[in-house]
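All remarks here apply to the structure that follows.
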Amino acid sequence: QVQLVESGGGLVQAGGSLRLSCAASERTFNGYVMGWFRQAPGKERELVGRIIWSSGGTYYVDSVKGRFTISRDNAKNTVYLQMNSLEPEDTAGYYCACGQTIYRYNYWGQGTQDTVSS
């Protein structure tokens, strides 16, 4: 069983930055994909981006490309979501997840709420 614990959410003004962390219980995530998702009130959950743990390759949805960056620290078994130039539309609950393919995420964190004020 993989446990994921997120931290770093909060309230920020538009144009500001937040960095989310997702710490994992597994000793290694080689072979896993780590994804960041978000869900705004009244909306469906959406993928924000993902990172292939072994290669470090990343993917972002268009709405966050150039503003958000996903990275990982192998030694700490932690993945990060750096969010810059935040907009009110980025307000959502943010969740990290991991899986063995990009199509299926088996383990989820508890989520962290991020609010961007205008």
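Counting in my numbering, the sequence shown tops out at residue 159, every number present.
Note that CB positions come from ideal geometry on N, CA and C, so glycine has one too.
{"Query": "Quick one: measure Cβ to Cβ for GLU47 and THR153, integer angstroms, because I've assumed they're closer than 8 Å.", "Result": "5 Å"}
{"Query": "Can you give the Cα-Cα distance for GLU128 and ALA55, rounded to whole angstroms?", "Result": "5 Å"}
{"Query": "Residue range of the beta strand (DSSP E) that ILE143 falls in?", "Result": "It is not in any beta strand (DSSP E) - ILE143 carries neither H nor E in the DSSP assignment."}
{"Query": "Got a sec? Which residues, its chain only, sit under 6 Å from ALA133 by beta carbon, not counting five neighbours each side?", "Result": "ARG79, GLN80 and ALA81"}
{"Query": "Could you give the DSSP three-state label for GLU128: helix, strand or coil?", "Result": "coil"}
{"Query": "State yes or no: is the C-beta of VAL74 within less than 7 Å of the C-beta of ARG86?", "Result": "no"}
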